[in-house]
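Residues in the sequence shown are numbered from 51 upward in steps of one, following the numbering used here. Virtual Cβ for every residue (Gly too), placed ideally from N, Cα, C. First comes the structure, then the notes that go with it.
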Amino acid sequence: MTSSNDKQSIRSQLSTHYSAMQNIHLRDLFMHDSQRGKAYSLQLPSLYIDYSKNILTNETLSLLFQYATASRIEESIGEMFAGEKINVTEDRAVLHTALRSTVDQKLKVDNEDIIEKVHFELNRIKKFVNTVHDKSYRGWTNKPINTFVNIGIGGSDLGPKMVVDALSEYQQIETRTFFISNIDYQAIESIQRVINPETTLFIISSKSFNTIETRTNAETLRTWMQQTGCDDLSKHFIAVSNNLDAAKEFGINDENVFELWDWVGGRFSLWSSIGLPIALSIGFDNFETLLAGAHEMDEHFSKTPLEKNAPIILALIDYWYSNFFNAETHAFIPYDESLKLFPDYLSQLFMESNGKSLDLNGHRLDYQTMPIVWGSTGTNSQHSFFQLLHQGTHFVPIDFLVPLSKHGDKKHQAQLLANCIAQSQALMQGGNNPDPNKYFSGNKPSTTILYSELTPKTLGSLIAMYEHRTFVQGLLWNINPFDQYGVELGKKLAADIYKNLEGTEITEELDSSTQNLINLYKQSNP
Ligand code: F6P
């Protein structure tokens, strides 16, 4: 039997099993197995993952593991780590794991020593960051730099911004870090108001150095710096890019351009030079610890059998919900202020990767792929959208994330944890009441991810776990998670419409709605 026949047969067994599972309530699964909580949990070096409150049994897992095997998950993981060109539509290797490799590892792709390149660039970052922190790097008026402004968007913004915010306790003393991504001038203005140009370093982060938002914002800020009297821009603008020529053309000195490579996807790039604002913000040593945390997860992912492999198990559960329960959405609720930007970061990671409808052979899929990713912090969200989670009509699997300890008042921490655990319990077991308005059906699945406290190491491990889960989802759906052609059309049309807004004529071939909207702009901006 071919692997595709195998997969078809297992899918049909899963389908039959799904029908049977519809008569089973999570509450009963817990009632019949007093060890369920621990049995369906994983202790990893930095994370504890309790997936027991998901609608599954040993039979479900056994079928899902068979599906994983038929989908060649373990072989594909090996291929990714070995640098094979698994990003088939762009003919590229996918090597964000090499960015957190140890220096003694060996990896050659197209005859290039990848590990050597990575560590060479890491050393350049280290040296640069240290000169800023020891105040030997100076601005145009000979003042030390204490403010970092990252100019980037998408993967060149969301990851570093989330990490800097999450690890704000580690921020170097007397420094501040800002992120400008949106092309909305308001974003620039609000930062201009609070920074001192003499002590500010701008990091232009763009893998392509071609992204309109980043280029426009960088040009505007370069002009602003000149207007404030800066007579040596090279001291205030550095760049991170794969397009070294374009960065140099912009006027960045060679020694201030930091490289990343085509085998690092934008949304997987925070471990590369794109992480420069992280290293500037929390110090190079902490950045290295973040990388070590990710490496720890890489070791788990690449060496653990699938039955105990966290990213694989979580991706299989995602597949189970998406393709059998028709889950159209997945919520991520961190009970941790430090992770308030995590849902935004995950939206790009999951949806830009797996929001696809063609398989690896270019055929249109007849099944669902990535659900919509959303979320917000607990306990705040309990007082907004949790009504829908408890009593609404949608099926919404949830990831809860919560630290076991945190500095500060213990009472707050215990309340935070109590609420997180209570919500997952309430969603799972439901609550009886003769009044239908006060009745909770329960049987609403969730996974709880615990960590002792959010350190650079824990965070590195957590992010890498989600990266690998994204990759495995793609394998299960037989799609390529590493391209993003879907973002291109809008960019092209925006360039055409911009010309219409700025010009005197309107392209006649445009549809009537577009013409009308352009006309309204012209009337408001005569
Ligand atoms: O438009 C999407 C995208 O290409 C993302 O994939 C990427 O992270 C982002 O834009 C930024 O791209 P760049 O780093 O090349 O400016």
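- Here DSSP, grouped into helix, strand and coil, assigns S91 to strand.
- Residue A342 holds the alpha-carbon nearest to the alpha-carbon of A514 among G189, I529, A342.
- C-alpha of L97 to C-alpha of L500: approximately 6 Å in a straight line.
- Across the structure, W313 and S562 are spaced so that their CA atoms are roughly 42 Å apart.
- R414 and V138 have their C-alpha atoms spaced approximately 17 Å apart.
- Residue ranges of uninterrupted beta strand (DSSP E) with 3 or more members, entirely inside the stretch 207 to 271 and ordered along the chain, are 226 to 230, 250 to 255.
- For V522, no beta strand (DSSP E) encloses it; the enclosing alpha helix (DSSP H) starts and ends at 506 to 527.
- Between H345 and R150, the C-beta spacing is below 8 Å.
- Taking the CA atoms as reference points, L340 sits about 4 Å from P506.
- Between A297 and the set G128, I253, S331, F334, the nearest pair of CA atoms involves I253.
- Straight-line measurement puts the Cα of W190 at about 7 Å from the Cα of D281.
- Ranking N292, S331, L451 by CA distance to the CA of C470 puts L451 first.
- DSSP places T110 in the uninterrupted alpha helix (DSSP H) bounded by 108 to 120.
- Here G133 is near L157, since their CB atoms are less than 8 Å apart.
- Only buried fits P393, as 16 or more other CB atoms lie within 10 angstroms of its CB.
- The beta carbons of M130 and I123 sit no closer together than 8 Å.
- Excluding the 5 residues flanking it on each side, H380 has same chain C-beta neighbours closer than 6 Å at P421, V423, P447, in chain order.
- The alpha-carbon separation between T266 and F259 amounts to approximately 11 Å.
- Excluding its 5 nearest sequence neighbours in each direction, K456 has C-beta neighbours in its own chain below 7 Å: Q463, E503, listed in chain order.
- The DSSP-derived three-state label of A381 is strand.
- The straight-line gap separating the alpha-carbon atoms of F300 and Q221 is approximately 30 Å.
- The beta carbons of I175 and T264 sit no closer together than 8 Å.
- The C-alpha of L454 lies about 48 Å from the C-alpha of D295.
- The C-beta distance from F351 to H518 rounds to 5 Å, short enough to fall under 8 Å.
- Sequence-distant partners of G481 (beyond 5 residues in either direction) whose C-beta falls short of 6 Å from its own C-beta, in its chain, are F490.
- A contact between stretches requires three or more CB pairs, one per stretch, nearer than 8 Å, and the stretch 69 to 82 meets this requirement with the stretch 92 to 108.
- In the structure shown, W311 adopts coil according to DSSP, grouped into three states.
- Counting along the chain, A296 sits inside the alpha helix (DSSP H) bounded by residues 294 to 299.
- Taking a 10 Å sphere around the C-beta of L477, we find 16 or more other C-beta atoms and assign the residue as buried.
- Q63 and L113 do touch by the CB rule: their CB atoms are close to 6 Å apart, below 8 Å.
- In the three-state scheme derived from DSSP, where H, G and I count as helix and E and B as strand, I60 is classed as helix.
- According to DSSP, W370 shares a beta bridge with no other residue.
- Within the same chain, I233, K541, A544, A545 come within 8 Å of I262 by CB-CB distance, once the 5 residues on both sides are set aside.
- When Q437, P384, T443 are compared, the shortest CA-CA separation from G428 is found for P384.
- Non-local beta-carbon contacts of Q155 in its own chain, meaning distances under 6 Å to residues more than five positions away in sequence, involve I165 in chain order.
- For G481, the secondary structure class from DSSP, reduced to helix, strand or coil, is strand.
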